[in-house]
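So in the working numbering the end of the sequence shown lands on 1134, straight run, no missing numbers.
Everything on this sheet refers to the single structure shown next.
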Amino acid sequence: MRKESRLVLALDETDGAKALAVAEAVAGTVDAVKINWPLVLSEGPGMITRLSEFSDVICDFKVADIPNTVRLIVENAVSRGASAVIVHAFTGDDSLRAAVEAAGDAEIYAVTEMSHPGALMFTAKHAEEMARLGVECGVDGFIAPATRPDRIRAIRQVAGPGFKILSPGVGAQGGKASDAIAAGADYAIVGRSIYGSDDPRASAESFAADIRTVLRARHARTRVRASVRARSQA
């Protein structure tokens, strides 16, 4: 998945024609489109292939099953053009490894903590533990909530710089793309605030601009620190 705008569209539509129209409208502005079961159940798995004509497709199936079933789901999604599949980490190491093996060149992102309030009841208490498991099993990245930036920082500390972090919950759920990126996320995931707007492309560009501002500030701080270190060593 490319890393340009750092923006992923959560396309939680159920109408195939509208989903395709939105995907076409934001093509080039978002780095990927994330789809979930409602669209696939409404329009069929062929939507994965059709959407992949516009951008990379992340299948947010939150797969949570025994290893063989995980393998079948991941293989089917990838065969239809998915660039990545999201799975749950709480199923354990055998199911996570099955997902990674089945993905081939596609990527696997493991959920450590979801963005809604109910996530605090169970999975959030084991988020760091699941992140460590994901690292051991070879996943490509993690899902951590934009609604709780401190949790993004915690997962980044566990995973280190070599793993991607995607953060949902921006916009309608109250999270901010800029806060998620500043906390260490690689991508902010935005749904209704883009696909539900009158001008999805303009909305996507606005979020992308906020992210660029954060990245410019980060790069500026990095240059200042490097300059200070160089002077102290001179």
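Yeah, the Cβ is synthetic: ideal placement off N, Cα and C, and Gly gets one too.
- Residue environment for L907: buried (at least 16 other C-beta atoms within 10 angstroms of its C-beta).
- Residue pairing for D956: DSSP places it in a beta bridge opposite A932.
- For S1067, the pairing in a beta bridge is given by DSSP as A1088.
- Selection L920, D915, V963, V930 evaluated against T949 yields L920 as nearest (Cα-Cα).
- Exposed is the label assigned to T914, since fewer than 16 other Cβ atoms lie within 10 Å of its Cβ.
- In this structure, the alpha-carbon of D1110 lies about 40 angstroms from that of T969.
- The C-beta distance from I1043 to V1070 rounds to 13 angstroms, too long to meet the 8 angstroms contact threshold.
- E943 counts as buried, since at least 16 other C-beta atoms from the protein chains shown sit within 10 angstroms of its C-beta.
- The beta carbon of T1012 sits closer than 7 angstroms to the beta carbons of A989, A1027, M1030, A1031, F1042, I1043, A1044, I1055 from its chain, once the five residues preceding and following it are set aside; these are given in chain order.
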